[in-house]
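Numbered according to UniProt numbering, the sequence shown terminates at residue 432, and the numbering increases by one at each position without gaps.
Every residue gets a Cβ at the ideal spot worked out from N, C-alpha and C, and that includes glycine.
Take a look at the structure below.
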Amino acid sequence: MKVSCFVLTTAFWAVLARAEWMVDPPTTADPNTPEDCTWWHIAEASDTCSSISDDYFITEPSFVSYNPSLSSSCDLIQGNSYCVERNWGIPPEEPEPSTTSSAAPSTTTEPGTGVETPSPIQEGMTEDCNDFYFVKAGDSCAMIASSHHISLSDFYDWNPAVKPDCTGLWANVYVCVGTIGGSTPSPTPTSTGPPGNGIETPTPIQEGMTDECEDFYLVQPGDGCAAIASTHGISLSDFYEWNPAVGSDCVGLWANVYVCVGNIGGSPPPTSTVSSTTTTTPGNGITTPTPTQPGMVDDCDTFHFVESGQGCALIAGQYGISLSDFYTWNPTVGENCGGLWANVYVCVSVIGGSPPEPTPTQPGNGITTPTPVLPGMVDDCDVFHKVEAGDGCWDLATAAGISLDDFYAWNPQAAPNCAGLWVGYYVCLSRL
1 MKVSCFVLTT AFWAVLARAE WMVDPPTTAD PNTPEDCTWW HIAEASDTCS SISDDYFITE
61 PSFVSYNPSL SSSCDLIQGN SYCVERNWGI PPEEPEPSTT SSAAPSTTTE PGTGVETPSP
121 IQEGMTEDCN DFYFVKAGDS CAMIASSHHI SLSDFYDWNP AVKPDCTGLW ANVYVCVGTI
181 GGSTPSPTPT STGPPGNGIE TPTPIQEGMT DECEDFYLVQ PGDGCAAIAS THGISLSDFY
241 EWNPAVGSDC VGLWANVYVC VGNIGGSPPP TSTVSSTTTT TPGNGITTPT PTQPGMVDDC
301 DTFHFVESGQ GCALIAGQYG ISLSDFYTWN PTVGENCGGL WANVYVCVSV IGGSPPEPTP
361 TQPGNGITTP TPVLPGMVDD CDVFHKVEAG DGCWDLATAA GISLDDFYAW NPQAAPNCAG
421 LWVGYYVCLS RL
């Protein structure tokens, strides 16, 4: 039975907290369940012990041992919560030699490789892995690959269950980040400048970097190409041209290497605001601050100063405008936001424009819908969340106990990579 509508907030989740377990169950759970349970599954009518075990990559005996109320016949109660992970998936310490135990060892060794494999692991992981990483909540495939200096394609090959779009990546399991016989990129051995340009090049550098570089940046784990380009006031297309190995989608960006963010003879955009100088577009009566994003429309009446690390979707969401309008009023940022510059003004409203109309209550369902909502949100939503700075689609879906696929289906504007998630807008986390 559905509960009445409520707006989901951080405070709401805090109310659910109890002290019995490391992570509290979302619904009723057997009080004899181990205290170190850190992940729960809500039983559905079609579930069996075997299917749940398969879904969470654990053995059926382990699942039954985590949930003492289950007998050999697996009497699941629909709607109840069952433990599917203990202690964040971290194996228990090995027992002392003098102590006898029937517990399985915390690690296994693949025959012939001589490499000890930790557990639990991402399903289907390659057998010749010799370097492992424990996935934390919020990690992404690109971030993991970049941090370990491997290509994203290798990461997907070694961990096929994560899928080519990374939607199958599980937190609290080990993934493979290096294989036997594999090699990581070798840093350039010396710090030298390309012949003739007089510029000293730091090391190591991103493979294939232009020889004409004069400004360098050391990539940090978690950095993205768009953020780096924006921070240094260059276009994303220039960044890709000067650092071709990162690829056109940034999947080849490595952490802890230098990339080029300035080319000899290049002319970056202004990097500071000239506060004492403003211009007025003739005839519209609006004072325009400077510097502005090149190509900005003439009939702008509201401006935003772009700060380092901001993106188009974030700015559009902050001002309650559509991303298409933002691109129309600031055409040089491009359709993928690759041309957005930091430390310049962009247009976020035009003369004669009007803010989006509040979303009315959907007729017939009896649920009051808060406003504004993310465009395209389903009509039969009964649980809402107002997006805050720092929210991510995966985090919201996980907190609400829904799949990422459902989150995208109910909030299609955010799909397929969460780029359309707008701060200050409501999204749907449950349906009637």
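Short of 8 Å in beta carbon distance, which residues of its chain neighbour residue i, apart from the five on each side in sequence? Order them along the chain.
i       : result
Val-135 : Gln-122, Ile-144, Leu-169, Trp-170, Ala-171, Asn-172, Val-173, Tyr-174 and Val-175
Leu-152 : Cys-141, Ala-142, Ala-145, Val-251 and Gly-252
Ala-414 : Leu-374, Cys-393, Phe-407, Tyr-408, Gly-420, Leu-421 and Val-427
Val-274 : Only weak support is given to the placement of Val-274: the predicted model assigns it a pLDDT of 32, under 50, and the question is left unresolved by the model.
With DSSP as the reference, please indicate the residues paired to residue i in a beta bridge.
i           : result
Val-387     : Paired residues: none, contrary to the question.
Val-373     : Tyr-426
Thr-179     : Cys-129
residue 439 : The shown model of the chain, from 1 to 432, leaves out residue 439, and the question about it has no answer.
Cys-381     : Arg-431
Taking DSSP as the reference, what is the three-state secondary structure of residue i?
i       : result
Asp-36  : coil
Asp-298 : coil
Ile-144 : helix
Glu-44  : coil
Ala-226 : helix
Phe-134 : strand
Tyr-56  : coil
Ser-349 : strand
Cys-337 : coil
Val-64  : helix
Give the single residue among the options whose Cα lies nearest to the Cα of residue i.
i       : options                               : result
Asn-80  : Ser-235, Lys-386 and His-41           : His-41
Pro-164 : Pro-34, Gly-420 and Pro-416           : Pro-416
Asn-87  : Asp-75, Tyr-66 and Ser-73             : Tyr-66
Lys-386 : Ile-402, Gly-352, Gln-318 and Val-350 : Gln-318
Asp-325 : Glu-20, Ser-349 and Gly-89            : Ser-349
Asp-382 : Gly-366, Met-125 and Thr-33           : Gly-366
Apart from the five residues just before and just after residue i, which ones in its own chain have a Cβ nearer than 6 Å to its Cβ?
i       : result
Ile-286 : Asp-301
Ser-235 : Gly-339
Phe-132 : Pro-118 and Tyr-174
Asn-130 : Val-115, Gly-178 and Ile-180
Asn-159 : Gln-122, Met-125, Val-175 and Cys-176
Pro-412 : Gly-376
Quick one: residues in its chain with C-beta nearer than 7 Å to the C-beta of residue i, no 5 flanking neighbours on either side, listed in chain order?
i       : result
Thr-292 : Val-344 and Tyr-345
Tyr-217 : Ile-228, His-232, Tyr-258, Val-259 and Val-261
Val-378 : Trp-410, Cys-428 and Arg-431
Glu-307 : Ala-342
Tyr-167 : In the sequence on display, residue 167 carries Thr and not Tyr. These residues qualify, in order along the chain: Leu-404.
Ile-77  : Ala-43
Met-209 : Trp-242, Asn-243, Val-259 and Cys-260
Cys-74  : Thr-48 and Cys-49
When every heavy atom of the ligand NAP is checked, does at least one fall within less than 7 Å of the C-beta of residue i?
i       : result
Leu-323 : Summarising the ligand content, the structure contains no ligands, and the ligand NAP is consequently not present.
Under 8 Å: do the segment 196–207 and the segment 312–321 share three or more Cβ pairs, one atom per stretch?
no
How do the segment 368–377 and the segment 408–426 stand: do at least 3 beta-carbon pairs fall below 8 Å, yes or no?
yes
Do the segment 236–243 and the segment 255–264 make contact, defined as three or more Cβ pairs closer than 8 Å?
yes
Take every Cβ of the segment 53–63, pair it with every Cβ of the segment 20–31, and state whether three or more of those distances are shorter than 8 Å.
no
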